[in-house]
Structure formats: C-alpha cells, structure tokens
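Peer 1: Per full-length UniProt numbering, residue 1 is the first one in the sequence shown, and the count goes up by one each step.
Quick one: the structure is below, questions incoming.
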Amino acid sequence: VLHHLHRLLRPFLLRRLKAEVEKDLPPKREIKLLIGMSEMQRMWYQNILTKNIEVLNAMSGNRSQMHNILMQLRKCANHPYLFDGAEEPPFTNDERLIVHSGKMVLLDKLLIRLKS
C-alpha cells in the first residue's frame, strides 16, 4: 500500500532519502542576538502594557487574556506595522519600514554586509 501511494504521489512531491541529501554541508550555526527596539516599538509596547495594566497587576485575567497580551507584545517586538493604524499614510515601502523595527534595522545591515 505504501509503495503504491509513493508511486501515485511521485509526480507531485519531491521525495528524497537521507542518503540522497548532501552530507558535506557544515553544521547549522545559530547565533542569538539581543536587539533593542525602535522608538516606535517602545511606544507601542508601553501602550499595550498600559492598556492592560489592570489585568497584569491583578493577575486576575484568565489564561486566554494573558495569552492575548503576550501575543500583542510579541507582535510589537517583531514589527509595529503589524498593528492596524501603526503606519502613517502614505503607505509605501520606504525606509520607514526598516527604521521602525529593531530587527529590520539589523537585517538591513546584515544583508548589506552579505552582499559585499
């Protein structure tokens, strides 16, 4: 049955065995960097905390409320433009997209360095 299924799926899926994959690749290196937030990120982060201060102080919020707050903070740490109303018009793909996120600033520097 499994052999029949593989034969049916072969035209649609790329299936490789471990023996077929390049083994000479160097081991993956993971480097964790602590990156500061942009001014806009700090403002949004502070607003989220202030808006939810009662829930955080009382710790009376249910689990889903706390999870929602943490997800909002996580979105802010990724990029403030993930929130509706964060990006001021005109909506363009310019330098503001980079400078309003600490992670994007670092990525921009890394890409320039990688290109050279």
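All C-beta atoms in this analysis are idealised placements derived from N, C-alpha and C, irrespective of residue type, glycine included.
Mind checking which residues open and close the alpha helix (DSSP H) that includes Tyr-45?
Peer 2: Locating residue 45 in the sequence shown gives position 45, where the first residue counts as 1. Per DSSP, Tyr-45 belongs to the alpha helix (DSSP H) from 39-51.
Peer 1: I need the DSSP call for Val-105, collapsed to helix, strand or coil.
Peer 2: Start at 1 with the first residue of the sequence shown, and residue 105 comes out as number 105. Note: Val-105 maps to helix in three-state DSSP.
Peer 1: How should Gly-102 be labelled, buried or exposed, when 16 other C-beta atoms within 10 angstroms of its C-beta is the threshold for buried?
Peer 2: For this step, residue 102 is matched to residue 102 along the sequence shown. Classification of Gly-102: buried, given that the 10 Å Cβ count is 16 or more.
Peer 1: Measure the CB-CB distance between Leu-49 and Leu-73 and report whether it falls below 9 Å.
Peer 2: In the sequence shown, the residue the question calls residue 49 occupies position 49. In the sequence shown, the residue the question calls residue 73 occupies position 73. Yes.
Peer 1: Closest to Lys-32 by C-alpha separation, out of His-4, Val-1, Ser-116, Leu-106, would be which residue?
Peer 2: Locating residue 32 in the sequence shown gives position 32, counting from the first residue. Per the Cα distances, Leu-106.
Peer 1: Grouping DSSP H, G and I as helix and E and B as strand, with all else coil, what is Ala-86?
Peer 2: The residue given as residue 86 occupies position 86 in the sequence shown. Coil at Ala-86, not helix or strand.
Peer 1: Cα separation between Gly-36 and Phe-12?
Peer 2: Mapped onto the sequence shown, residue 36 falls at position 36. Mapped onto the sequence shown, residue 12 falls at position 12. For Gly-36 and Phe-12, the distance between alpha carbons rounds to 44 Å.
Peer 1: Buried or exposed for Pro-80, going by 16 or more other Cβ atoms inside 10 Å?
Peer 2: Residue numbering aside, residue 80 sits at position 80 when the sequence shown is read from its first letter. Looking at its Cβ environment, which holds 16 or more other Cβ atoms inside 10 Å, Pro-80 is buried.
Peer 1: According to the neighbour-count rule (16 or more other Cβ atoms, all chains shown, within 10 Å of its Cβ), is His-6 buried or exposed?
Peer 2: Here residue 6 refers to the residue found at position 6 of the sequence shown. Result: exposed.
Peer 1: Hey, would you say Gln-46 sits closer than 9 Å to His-100, going by beta carbons?
Peer 2: Numbered from its first residue, the sequence shown carries residue 46 at position 46. Numbered from its first residue, the sequence shown carries residue 100 at position 100. No, Cβ-Cβ distance for Gln-46 and His-100 is not below 9 Å.
Peer 1: In whole angstroms, what is the alpha-carbon distance linking Pro-89 and Arg-96?
Peer 2: Taking the first residue of the sequence shown as 1, we reach residue 89 at position 89. Taking the first residue of the sequence shown as 1, we reach residue 96 at position 96. Rounded to whole angstroms, Pro-89 to Arg-96 spans 11 Å at the Cα level.
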